[in-house]
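Asker:
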Amino acid sequence: MAQSRAFLLLPILSLLLPIKMPAAEKEHKGTARPGPAADIVVLNGKVWTVDPEQPRAEAIAVLGERIAAVGTNAQIKQWIGPKTRSIDARGKTVLPGFIDAHVHFSSGGAELSGVQLRQAATPAEFAQRIGEYARKLPRGEWILGGEWDHEMWGGTLPNREWIDALTPDHPVLVSRYDGHMALANSLALRLAGVTRDTPTPAGGTIVKDARGEPIGLLKDAAMDLVFRVVPPPTEEQRMHAIRAALDEARRLGVTGIHDISSTEDVRAYQKLAARGELTLRIYCMTPIQQWKAPAQAGILAGFGNNWIRLGALKGFADGSLGSTTALFFAPYRDAPETSGLLNEMMFPEGNMLKMALGGDRAGLQLAVHAIGDKANRIVLEIFEEVQKQNGPRVVNPVEPRADRRFRIEHAQHVHPDDFERFARLGVIASVQPYHTIDDGRWAEKRIGHERCKTSYAFRSFLDHGVRLAFGSDWTVAPLNPLLGIYAAVTRRTLDGKNPGGWFPEQKITLAEAIQAYTMGSAYSEYGEKEKGSITVGKLADMVILDADLFAIPPEKIGNVKVRVTLIGGKIVYEASWQ
Numbered sequence: 000m001a002q003s004r005a006f007l008l009l010p011i012l013s014l015l016l017p018i019k020m021p022a023a024e025k026e027h028k029g030t031a032r033p034g035p036a037a038d039i040v041v042l043n044g045k046v047w048t049v050d051p052e053q054p055r056a057e058a059i060a061v062l063g064e065r066i067a068a069v070g071t072n073a074q075i076k077q078w079i080g081p082k083t084r085s086i087d088a089r090g091k092t093v094l095p096g097f098i099d100a101h102v103h104f105s106s107g108g109a110e111l112s113g114v115q116l117r118q119a120a121t122p123a124e125f126a127q128r129i130g131e132y133a134r135k136l137p138r139g140e141w142i143l144g145g146e147w148d149h150e151m152w153g154g155t156l157p158n159r160e161w162i163d164a165l166t167p168d169h170p171v172l173v174s175r176y177d178g179h180m181a182l183a184n185s186l187a188l189r190l191a192g193v194t195r196d197t198p199t200p201a202g203g204t205i206v207k208d209a210r211g212e213p214i215g216l217l218k219d220a221a222m223d224l225v226f227r228v229v230p231p232p233t234e235e236q237r238m239h240a241i242r243a244a245l246d247e248a249r250r251l252g253v254t255g256i257h258d259i260s261s262t263e264d265v266r267a268y269q270k271l272a273a274r275g276e277l278t279l280r281i282y283c284m285t286p287i288q289q290w291k292a293p294a295q296a297g298i299l300a301g302f303g304n305n306w307i308r309l310g311a312l313k314g315f316a317d318g319s320l321g322s323t324t325a326l327f328f329a330p331y332r333d334a335p336e337t338s339g340l341l342n343e344m345m346f347p348e349g350n351m352l353k354m355a356l357g358g359d360r361a362g363l364q365l366a367v368h369a370i371g372d373k374a375n376r377i378v379l380e381i382f383e384e385v386q387k388q389n390g391p392r393v394v395n396p397v398e399p400r401a402d403r404r405f406r407i408e409h410a411q412h413v414h415p416d417d418f419e420r421f422a423r424l425g426v427i428a429s430v431q432p433y434h435t436i437d438d439g440r441w442a443e444k445r446i447g448h449e450r451c452k453t454s455y456a457f458r459s460f461l462d463h464g465v466r467l468a469f470g471s472d473w474t475v476a477p478l479n480p481l482l483g484i485y486a487a488v489t490r491r492t493l494d495g496k497n498p499g500g501w502f503p504e505q506k507i508t509l510a511e512a513i514q515a516y517t518m519g520s521a522y523s524e525y526g527e528k529e530k531g532s533i534t535v536g537k538l539a540d541m542v543i544l545d546a547d548l549f550a551i552p553p554e555k556i557g558n559v560k561v562r563v564t565l566i567g568g569k570i571v572y573e574a575s576w577q
């Protein structure tokens, strides 16, 4: 099976050969124009470059897909020719394009047209929204998505009885927004053959009532009991979803993503790239269980071109805090019968270590989901054992890289003793700051005050010398990077109860947050030489905002909008100035 997957990847190779910078573009890096005029110039900006050699500037010149010059208005005006497009930034902030280090992109696009439950504030509204959505669908069509949050109505878990009468002809499987718990209606359970006698799968929970009957709520591995009977999206549906997601990304200034990708997603991205429809750069993170496929195809970490790159393996150690399946050393405060769930699909008899050793030995990058403090410790121990057994490595013989760039995805709740270990092993904390202000509404109810001191601990990571890569975890959280930056800088929870910040000692600065959403993410995909900063010679991926971020109160950052998004020197989104 692994060999057949390797053959599936071979057609990708011709489309992913590295794109080299044309010689003509290499020659024109100065601020004074020595040759061709710029295609685009940005003037009158508060340019925050994220380049320590030249942190600030007023203006930028773009030639082809690259940044040709960065400097003052006077210097950049020398690059203007008769065909140059001039963009007036009006004294607003200009940044490198945002790179989201953790998204579920095609799922996000599909959610845009699915049933919307995230803002359902009561059980009645939850049921009403599903019922109204069902009435619009042909009989027999599945209702999926949802993104519900039971904390919106006080924490009562949903039950299939809430929706059965409204959905007699539509199987339903709607997920909690973290993706680790889902509600199925009775029709969906019947189609999947889930009854009171169905064995609970390892690493999951079938929630039952006092009589032993399933209430429709499934956690983690148990969700697969129903997901396996859900018809997969057609190619047309997948392409439609990705196009919708691309529209959303352009609008929000997202110029690159690290996507949790299936084989079908990678194939769809290739087709869009071949048609010239891709408007962001994609680093595909494929399942660690399939590590032999890229290994046998000869793919190394960071392989590809400037649009689609491969080589990262995504694994899971545990579940989520909201579903009480994140794995902790101590029990949950509000569910003392459990300390969470280890992902039994990946961890039986040293299986995760075996996959990690094989993938790392093949030159692939390891990125493992870990939320609870015990799960983070387990993954750190695996990384340390991989380093010990496999020894130093060179990822790319042409461009030697001895650093593995291990990643822990989420790294939400970390034992105080483990920050130093993150740093010592060079593990990147791939984190999603919006979760701080979302989960912070109820996290102390789950795990208590003491453990929350080192939860979403961005300041502690940076103080220990750990690299941060920021992302959204869309669709779990909004794709908007400015909301993520707002969350990291203010830590003001969504319920308004922490105006000074939830555990404010873990705040980071605006500059640090921007760094994590640009160069931090670029570094975590081996892309720091091509993107992540406004630097001469790099790809011209930039955003112009409608405010000067450094001149407004931090609590206003979340209201700032993107006015212009450029990718590879092309304007892919432009809004009118108010």
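Going by numbering that gives the first Met the number 0, the sequence shown opens with residue 0, and the numbers climb by one from there.
We treat Cβ as the ideally placed atom computed from N, Cα and C, and that holds for glycine.
All values reported here derive from a predicted model rather than from experimental measurement.
Taking the alpha-carbon positions, what's the GLY500 to LEU482 distance?
Answerer: The straight-line gap from Cα to Cα measures roughly 15 Å.
Asker: Tell me which same chain residues have a C-beta within less than 6 Å of the C-beta of TYR485, skipping the five on either side of it?
Answerer: Contacts found: ILE556, GLY557.
Asker: Measure how close the beta-carbons of ALA456 and GLU408 come, nearest whole angstrom, since I'm counting them as under 8 Å.
Answerer: Actually they are not in contact, since the Cβ atoms of ALA456 and GLU408 sit about 15 Å apart, beyond 8 Å.
Asker: Could you tell me how far apart the beta carbons of ILE129 and LEU165 are, in whole angstroms, since I believe they sit closer than 8 Å?
Answerer: That pair is a contact at about 6 Å.
Asker: Which class does ARG84 belong to by DSSP, given the choice of helix, strand or coil?
Answerer: Reduced to three states, the DSSP call for ARG84 is strand.
Asker: If you pair each beta-carbon of the stretch 292 to 300 with each one of the stretch 414 to 426, do three or more pairs fall below 8 Å?
Answerer: With the cut-off at 8 Å, the stretch 292 to 300 and the stretch 414 to 426 do not touch.
Asker: Tell me whether ASP163 sits in a helix, a strand or coil according to DSSP, three-state version.
Answerer: ASP163 falls in the helix class under three-state DSSP.
Asker: For GLU449, report the span of its alpha helix (DSSP H) as first-last.
Answerer: Looking at the DSSP string, the run of the alpha helix (DSSP H) that includes GLU449 is 442 to 451.
Asker: In whole angstroms, what is the alpha-carbon distance linking ASP208 and THR285?
Answerer: Going from the Cα of ASP208 to the Cα of THR285 covers about 37 Å.
Asker: Please classify THR514: does DSSP put it in a helix, a strand, or coil?
Answerer: For the sequence presented, residue 514 should be read as Gln rather than Thr. Helix.
Asker: Am I right that ALA512 and HIS463 are in contact with their C-beta atoms under 8 Å? What's the rounded C-beta distance?
Answerer: ALA512 to HIS463, Cβ: 17 Å. No contact.
Asker: Roughly how many angstroms separate the alpha carbons of ASP438 and ASN375, rounded to a whole number?
Answerer: Going by the C-alpha atoms only, they are around 18 Å apart.
Asker: Indicate the three-state DSSP secondary structure (helix, strand or coil) for GLN236 in the structure shown.
Answerer: GLN236 falls in the helix class under three-state DSSP.
Asker: Hey, out of ALA109, PRO232, VAL69, GLY310, whose CA is closest to ASP246's CA?
Answerer: Comparing Cα-Cα distances from ASP246 to each of ALA109, PRO232, VAL69, GLY310, the minimum goes to ALA109.
Asker: Could you check what DSSP says for GLY584 in three-state terms: helix, strand or coil?
Answerer: No information on residue 584 is available, as it lies outside the stretch 0 to 577 that the chain covers here.
Asker: Can you give me the C-alpha to C-alpha distance between LEU538 and ILE307, rounded to a whole angstrom?
Answerer: Roughly 14 Å separates the two Cα atoms.
Asker: Is DSSP giving LEU565 helix, strand or coil here?
Answerer: Correct three-state label for LEU565: strand.
Asker: Taking the straight line between their C-alpha atoms, what separation do you get for ARG466 and ILE427?
Answerer: Cα to Cα, ARG466 sits roughly 5 Å from ILE427.
Asker: Can you tell me the Cα-Cα spacing of VAL114 and ALA248, whole angstroms?
Answerer: Whole-angstrom Cα-Cα distance: 20 Å.
Asker: If you count every other CB in all the chains shown that lies within 10 Å of the CB of LEU493, and 16 or more means buried, which is it?
Answerer: Flag for LEU493 reads exposed.
Asker: How many whole angstroms separate the CB atoms of LEU509 and VAL475, which I take to be in contact at a CB cut-off of 8 Å?
Answerer: Their Cβ separation, rounded to whole angstroms, is 24 Å, which puts LEU509 and VAL475 out of contact at 8 Å.
Asker: Apart from the five residues on each side of it in sequence, which residues of its chain come closer than 8 Å, Cβ to Cβ, to GLN386?
Answerer: Within the same chain, GLN386 has close Cβ partners ARG403, LEU424.
Asker: Using a 10 Å radius around the Cβ and a threshold of 16 neighbouring Cβ atoms, would you call SER532 buried or exposed?
Answerer: By the 10 Å Cβ count, SER532 comes out buried.
Asker: Just to confirm before moving on: does the CB-CB distance between ASP264 and ARG237 stay below 9 Å?
Answerer: Yes. Within cutoff.
Asker: With respect to the alpha helix (DSSP H) encompassing ARG423, which residues constitute its N-terminal and C-terminal limits?
Answerer: Run containing ARG423: 418 to 424, per the alpha helix (DSSP H) assignment.
Asker: Secondary structure at ALA267, three-state DSSP: helix, strand or coil?
Answerer: The answer is helix: DSSP assigns ALA267 an H, G or I state.
Asker: Name the DSSP bridge partner or partners of GLY145?
Answerer: Paired residues: GLN115, SER174.
Asker: Does the stretch 513 to 522 touch the stretch 66 to 77, meaning 3 or more C-beta pairs lie closer than 8 Å?
Answerer: At 8 Å Cβ cutoff, the stretches do not touch.
Asker: Taking Cβ positions, are LEU363 and PRO293 nearer each other than 9 Å?
Answerer: It is a contact, given that the beta carbons lie within the stated cut-off.
Asker: Please check the pair ALA361 and TRP290, which I expect to be a contact at CB under 8 Å, by giving their CB distance rounded to whole angstroms.
Answerer: Right, their Cβ atoms sit about 7 Å apart.
Asker: How big is the Cα-Cα spacing for MET180 and GLU524?
Answerer: Approximately 29 Å between the Cα atoms of the pair.
Asker: Whole alpha helix (DSSP H) runs in the stretch 303 to 379 with 4 or more residues, listed along the chain?
Answerer: Fully enclosed alpha helix (DSSP H) runs of 4 or longer: 350 to 360.
Asker: Let me check one thing: in DSSP terms, what residues is TRP47 bridge-paired to?
Answerer: Beta-bridge pairing links TRP47 to ARG55.
Asker: Taking GLY90 and LYS45 to be in contact with their CB atoms under 8 Å, please state how far apart those CB atoms are, rounded to whole angstroms.
Answerer: GLY90 to LYS45, Cβ: 6 Å. Contact.
Asker: Where does LEU251 fall in DSSP's three states?
Answerer: Coil.
Asker: Can you tell me whether ASP87 is buried or exposed, with buried defined as 16 or more other CB within 10 angstroms of its CB?
Answerer: Counting Cβ neighbours within 10 Å, ASP87 comes out exposed, since fewer than 16 surround it.
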